[in-house]
Amino acid sequence: MRTGMCGEVGPADVGTKVRLCGWVARRREHGEHLAFVDLRDRTGIVQCVVDGSVELRTEYVVAVSGVVRRRPAGMENPALATGEVEVGDCEVEVLAAAEPPPFLVEDRADVDETVRLRYRYVDLRRPRMQANLRLRATVVGAIRRAMDRQGFCEVETPLLWSPTPEGAREFAVPSRLQRGSFYVLPQSPQIAKQLLMVGGFDRYYQIARCLRDEDLRADRQFEFSQLDMEASFVTQSDVLGFVSDAVLDATEAATGERPPPIAQMTWAEALDRYGTDKPDLRIETSLVDLGEVFAGTGIRAFAGPCVKGLRVPGGATTSRSALDALTARARSLGAKGLAWFRVSGDAGGTLEVDSPLARVLGDDERDGLLAAADARAGDLVLAVSDEHRVACRVLGQLRLELCGKPVGEGPHRYVWVVEFPMFEAIGADGHPVAAHHPFTMPHPDDLDLMATDPLSVRSQAYDLVLNGWELGSGSVRIHRADVQARVFSALGISDEEAESRFGFLTGAFRYGAPPHAGFAFGIDRLAAVLAGEESIREVIAFPKTQSGADPLTGAPKPLSASALAELGIGIVAR
RNA sequence: GGACCUGUGGUGCAGCUAGGAGUGCACGCCGGCCUGUCAAGCCGGAGGUCGCGGGUUCAAAUCCCGUCAGGUCCGCCA
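Residues 269 to 842, numbered by this note's numbering, are exactly what the first sequence covers, in order.
See below:
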């Protein structure tokens, strides 16, 4: 039906007769003797010249036959990839007429989200969405090749799974054959892939759909895709290597540049230096410890168990009212207050400090503060005194708000965050809460701390972070029944409860479970960052709105009474 | 469950603080003119229950209350 693609016509084709198919992007008519038709397909736009008038409208689907020719001198269009040439002597055949689209099929048309989604098939024609979905496909292809190359076997796992009440809310699917019973859609193939390890598939991966019935965000949809992988007879370091290969290959395939090998930092270091477990390493400045500087201070505001500082480069011009707002922001984040120091310098290079605390600040303290923060003239230095965790988290958040940039901007800075704590807090029942999941292997050095000091137990769990976004997480799993029992015990999960929730997994482990470890990361998030987007909706063909609706199909919708009856479902009014 | 922002011809906005006739801008659409344009140009035209409901007022796009939708975030996401 066609001899080539619109965006690929070039000087090499001059003199060739072509037939191109696509949509009318634009037409410029000059009376009955001359008309220009910009024809668009997925590859781009080419100008077609008709010697006569045309009966065309925007978005008509047409086939154009003509001869490629060099444009007359001075008529080239450098803004167009095909701008050196045009298709001349064109005959146009209308394959399908079209009503005017609800919005222009161009990137610069900034359209309301509902309208875009209601007419997603039009939105998808826009170069941005074409590029994003193709980039996503490139990313997935590179990941598949990397996993295949490393000897991994792609295995599919069920979408209709068994309820295993754990973390995320699950989508339920009623069983027609066993009325009153339900499947659930998997929040991840976690248990299935561990069963595959017991089953001897010692290197498994899958581009897996995961479904979680939790509130939606710019980086969260009900359904999303993960590169899910698991391997037997491997160490944590092996897993980081497998995954690094996949994401670096994907990044190189998508952007043409291969980032450097991915550095590791411990969870404790991430918190201490960046105030978060998902640090954005594109931001140069990081938190500094001011504890020594103010060790013997008389300043009551700095009496807390920990004093942390943050240098804001160029922040000295921040107005008094903005600093007041910043202080209020710090309080709303949980700090007792916020100290600020505007740094200026005279011609001789002496640094001056402007601060409400300037009067009570000793000279040594001032010099120590400036040195610790590495402050220069024109900077702003912020300080919070509190419990270590609070001081770090508050300043870490301010670091993002004052120095951060959109996730898709700038270089791609990956980092592995390792040695996550095994438990994140003591729950209402007096037992610690698992930070990752209950099959995570504790750090071998910390096994004996589980009973005495659970919150200090490190785990063999790790996250992959890209530009401040958590891409995914994984862990070395427990494969020994005695260790698993100790973890269940620490978590306050009784033998009976463990049996009813995870019995089929622990049961499988009795028949020979290899040591294994794995990982999973979000394809949508990776693709969004690599595409320079801030929302994963931009790399998903048919996403849901924040209220979980699909404006195109109208989902979710009520089910007919007969359909409900067949499923044995009754609707209870609120 | 909560906070904030947005909702005005098909699209994007201005108008709202300080109430006075649906006023304006850009794009698109329709018709006409035009033989080298390329976000074509010129001339003319059509198109809006100002998201919805209620209240205040002589008078509401504008002020108040409620509600719906979209977005961002908190909670939630082992």
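Note that beta-carbon positions come from the ideal geometry of N, C-alpha and C, so glycine has one too. Bear in mind that the values here come from a model prediction, so they are computed numbers and not experimental data.
Length of the line joining the Cα atoms of residue i and residue j
i	j	result
residue 646	residue 544	27 Å
residue 499	residue 472	6 Å
residue 787	residue 729	9 Å
residue 536	residue 577	17 Å
residue 326	residue 380	21 Å
residue 782	residue 639	52 Å
residue 466	residue 533	31 Å
residue 540	residue 603	16 Å
residue 675	residue 802	6 Å
residue 683	residue 734	7 Å
residue 740	residue 732	5 Å
residue 843	residue 737	With the chain running from 269 to 842 in the structure shown, residue 843 is simply not present.
residue 581	residue 587	15 Å
residue 667	residue 595	13 Å
residue 611	residue 624	13 Å
residue 527	residue 566	48 Å
residue 800	residue 548	15 Å
residue 699	residue 774	21 Å
residue 513	residue 669	32 Å
residue 253	residue 413	No answer is possible for residue 253: the residues shown for the chain start at 269 and end at 842.
residue 797	residue 519	10 Å
residue 618	residue 632	14 Å
residue 323	residue 493	45 Å
residue 637	residue 685	29 Å
Counterpart residues of residue i in DSSP-defined beta bridges
i	result
residue 489	Answer is none; residue 489 lacks a bridge partner.
residue 710	727
residue 805	BP columns for residue 805 are empty, so no partner.
residue 304	296, 317
residue 532	684
residue 500	784
residue 546	According to DSSP, residue 546 bridges with nothing at all.
residue 289	331
residue 359	333
residue 754	DSSP lists no partner for residue 754.
residue 839	Per DSSP, none; premise fails for residue 839.
residue 694	700
residue 364	329
Same chain, Cβ closer than 7 Å to residue i, five either side skipped, listed in chain order
i	result
residue 386	819, 820
residue 812	484, 489, 490, 818
residue 695	701
residue 377	371
residue 408	475, 791
residue 678	550
residue 450	431, 440, 441, 442, 443
residue 310	398
Neighbourhood of residue i by C-beta, 6 Å cutoff - its chain only, sequence neighbours within 5 removed
i	result
residue 579	553, 641, 643, 647, 649
residue 744	504, 709, 728, 785
residue 399	none
Beta-carbon proximity check, residue i vs residue j, cutoff 7 Å
i	j	result
residue 291	residue 335	no
residue 689	residue 703	yes
residue 761	residue 709	no
residue 314	residue 358	no
residue 572	residue 654	yes
residue 496	residue 462	no
residue 404	residue 373	no
residue 384	residue 810	no
residue 445	residue 427	no
residue 598	residue 606	yes
residue 272	residue 286	yes
residue 838	residue 448	no
residue 353	residue 277	yes
residue 531	residue 410	no
residue 396	residue 416	no
residue 808	residue 487	no
Residue i Cβ short of 6 Å to the ligand PLP heavy atom set
i	result
residue 277	Summarising the ligand content, the structure contains no ligands, and the ligand PLP is consequently not present.
Cutoff 8 Å; reference residue i; Cβ partners in own chain excluding five residues on either side
i	result
residue 711	687, 690, 725, 726, 727, 728
residue 455	434, 435, 436, 438, 478, 479, 480
residue 299	321
residue 570	558, 562, 607, 651, 653
residue 681	527, 548, 549, 550, 734, 735
Self-check item: Continuous alpha helix (DSSP H) assignments of at least 4 residues falling wholly in the stretch 456 to 480
Solution: 458 to 466
Quiz item: Could you give the uninterrupted runs of the beta strand (DSSP E) lying entirely in the stretch 762 to 800, keeping only those of 3 residues or more?
Solution: 784 to 790
Self-check item: Runs of alpha helix (DSSP H) lying entirely within the stretch 564 to 616, each at least 4 residues, in chain order
Solution: 588 to 600
Quiz item: Curious, which full-length alpha helix (DSSP H) runs of at least 4 residues does the stretch 634 to 692 contain?
Solution: 656 to 671
Quiz item: Which ranges would you report for the alpha helix (DSSP H) in the stretch 387 to 461 if only whole runs of at least 4 residues count?
Solution: 388 to 391, 395 to 417
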